[in-house]
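Encoded as structure tokens, the structure appears first; notes follow it.
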Amino acid sequence: MPDGPMPDIDPYLSVVRHPVVADRLCRLREASTDSAAFRRLVSELSALLCYEALDDLGTELRRIDTPVADGVECSVVAENVLVVPILRAGLGMVPAIQETLPLTDVAHVGLRRDEATLESVVYLNALPADLSGRRVVVCDPMLATGGSLAKVCTMVADRNPAEIIVLCLIASEEGMANFRQAHPRVRVTCAGLDPLLNEQGYIVPGLGDAGDRLFGPPPAHPAAL
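Okay, so the sequence shown: first residue is 1107 according to the working numbering, each after it adds one.
Pasting the structure below:
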């Protein structure tokens, strides 16, 4: 299997086809993977996807002294990216993204799914009022029906960002199609594109409920998530 993103009909979708990514994704999918290993794998995959998606970060030149030479010119990251995790599962991706990107801010958006309608409901919005000139990375492990992600990206787009980039571990083909109806040119980078959704709106073969596998079952009352 070739390295790098596979060519897609959708020019704004990159499914990363690197063997290391495939290995981590396989381990992540396994039902026998416990929570500690699951968190570690989510972190590793998040860093790899972030590295792939943000190869055009803004930089500036700096002169430094090395142990053997003075005034060496080199490049450092100068762009401060806003990371927007969709709660709760998106929280599992944030530490690795922050470790990968030298300059970040974080703004949380909380959504819960109405299990009867499968619609997403916002219960927390910490986005800045104005995102002019900022690049925003929206992260959520699963792009299932696409509704939650589309809603958050619309909330971000209304604040005039320079660009929106989505990082997710697995997307469904149906969810991508739904998401594209609302956001045809938002860049999406993921590790896997799965063919199906089941009747409960979960990706198949997928990896189950990412939030539960990261943090355990939620409290009974949705508002406490």
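For each residue, glycine too, the CB sits at the ideal point set by N, CA and C.
#1: Using DSSP with H/G/I as helix, E/B as strand and the rest coil, what is Ile-1192?
#2: In terms of residues, what are the limits of the alpha helix (DSSP H) holding Tyr-1334?
#3: Looking at the secondary structure, which residues open and close the beta strand (DSSP E) in which Thr-1165 lies?
#4: Alpha carbon to alpha carbon, how far is Leu-1230 from Val-1215? Give it in angstroms, no decimals.
#5: Among Met-1261, Ser-1152, Ala-1137, which one has its Cα closest to the Cα of Ile-1276?
#6: Where does Val-1292 sit, in a helix, a strand or coil, going by DSSP?
#7: With a Cβ-Cβ cutoff of 7 Å, do Val-1104 and Leu-1154 count as a contact?
#8: Hey, is the region 1276–1285 in contact with the region 1248–1265, meaning 3+ C-beta pairs nearer than 8 Å?
#9: Among Ala-1175, Arg-1265, Pro-1208, whose alpha-carbon lies nearest the alpha-carbon of Ala-1184?
#10: Find the nearest neighbour of Gly-1298 within the set Ser-1141, Gly-1239, Gly-1196, Pro-1247, judged by alpha-carbon distance.
#11: Evaluate contact between the region 1260–1268 and the region 1234–1244, counting only Cβ atoms and requiring at least three cross-stretch pairs below 8 Å.
#12: Please state whether the Cβ-Cβ distance between Leu-1188 and Asp-1211 is less than 7 Å.
#13: Excluding the 5 residues preceding and the 5 following Leu-1119 in the sequence, name in chain order all residues of the same chain whose CB lies nearer than 6 Å to its CB.
#14: Kindly indicate which residue of Phe-1321, Val-1310, Leu-1302, Cys-1296 has the alpha-carbon position closest to the one of Glu-1158.
Here's the rundown:
#1: Looking at Ile-1192 - three-state DSSP - the assignment turns out to be strand.
#2: In this structure the chain extends from 1107 to 1331, so residue 1334 is not present and cannot be described.
#3: 1165–1170
#4: 5 Å
#5: Per the C-alpha coordinates, the member of Met-1261, Ser-1152, Ala-1137 positioned closest to Ile-1276 is Ser-1152.
#6: coil
#7: Outside the displayed range of the chain (1107 to 1331) lies residue 1104, so it cannot be described from this structure.
#8: yes
#9: Pro-1208
#10: Looking from the CA of Gly-1298, the closest CA among Ser-1141, Gly-1239, Gly-1196, Pro-1247 belongs to Pro-1247.
#11: yes
#12: yes
#13: Val-1294
#14: Cys-1296
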